[in-house]
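To keep things clear, I will list the structure first and then write my remarks on it.
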Amino acid sequence: MRTVRLGAVVAVIAFLAAIAGVWVGRTFIPSHQRQGSELHDVLHHQLDLDDRQKAQLDAIEQRFAVRRRALELELRSDNARLAEAIETEHGIGPRVTAAVDASHAAMGELQKETLAHIFAMRAMLRPDQAAAFDRAVVKSLTADAQ
């Protein structure tokens, strides 16, 4: 009976971890097909950037790509540690809790870095360009809510 209960707890934790992973991916990791493509289109095709702005944008995008990749790798590593902790503890123990906390910290850092990236791009825009960019950001962030 204890084995069945323990198995059920592990199954529930694994299911919740999977749901959390999907949510994190959809919420915090920029999707080039959906949200990223719209912002990319606005920046590169609708705002009529001058050469100086294009150079700034390229530098901003390159820096963020490196940082985003590092954080995504950290999230994958955190997920692997979570899986190992679940397999070892078969319940919510200190290793599972620590792995979840580490994953949440990395997700939060990725979200902060993404926002810093968005604000860095916005800072290089003229006021008329910034208004169009702001509309695209708001639309991107609220697209699933509509």
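In this note's numbering, the protein residues as written are 6 to 151. Even for Gly, the Cβ is constructed at its ideal location relative to N, Cα and C. Only a predicted model underlies this, so the values are computations on that prediction, with no experimental measurement involved.
Under the three-state DSSP convention, the category residue i falls into
i      : result
Ile24  : helix
Asp139 : helix
Arg131 : coil
Arg39  : With a pLDDT of 47 at Arg39, under the threshold of 50, the modelled position of this residue cannot be trusted, and the question is left open.
Thr8   : helix
Alpha helix (DSSP H) segment containing residue i, residue limits
i      : result
Gln61  : 56-94
Arg127 : 99-128
Val47  : Where Val47 is concerned, there is no enclosing alpha helix (DSSP H), given that its DSSP letter is neither H nor E.
Ala152 : Since the first and last residues shown for the chain are 6 and 151, residue 152 lies out of range.
Beta-carbon contacts of residue i that lie in its chain and below 7 Å, excluding the five residues immediately before and after
i      : result
Val105 : Leu87
Glu79  : Ala111
Cut-off 6 Å between Cβ atoms - residues of its own chain near residue i, not counting five sequence neighbours on either side
i      : result
Gln97  : Checking the displayed sequence, the identity of residue 97 turns out to be Ile instead of Gln. Excluding residues within five positions, none has a Cβ falling inside 6 Å.
Thr8   : none
Ala135 : Arg127
Gln58  : Met129
Phe124 : none
Leu14  : For the record, residue 14 in the displayed sequence is Val; it is not Leu. So the list reads Gly96, once near-sequence residues are dropped.
Environment of residue i [buried if 16+ CB atoms lie within 10 Å]
i      : result
Asp83  : buried
Met6   : exposed
Leu130 : buried
Leu52  : buried
Val142 : buried
Gln40  : Below a pLDDT of 50, predicted positions are generally treated as unreliable, and Gln40, at 49, falls in that range; the measurement from the model is reported next regardless. Buried, by the Cβ-count rule.
Ile5   : The chain is shown from 6 up to 151; residue 5 falls before or after that span and cannot be answered.
Residue i Cβ short of 7 Å to the ligand FMN heavy atom set
i     : result
Ala60 : The ligand content of the structure shown is nil, which means the ligand FMN is not present either.
Cutoff 8 Å; reference residue i; Cβ partners in own chain excluding five residues on either side
i      : result
Val101 : Ile18, Leu87, Ala90, Ile91, Glu94
Leu48  : Leu54, Leu62, Met126, Phe138
Reference residue i, options the options, closest by Cα
i      : options                       : result
Glu118 : Asp56, Gly12, Ala107, Phe69   : Phe69
Lys144 : Pro132, Gly26, Asp133, Glu43  : Glu43
Glu66  : Gly26, Ala13, Ala121          : Ala121
Ala85  : Leu146, Ala22, Pro132         : Ala22
Gly2   : Ala64, Ser108, Ala148, Thr147 : One cannot answer for residue 2 here, as it falls past the ends of the chain, which runs 6 to 151.
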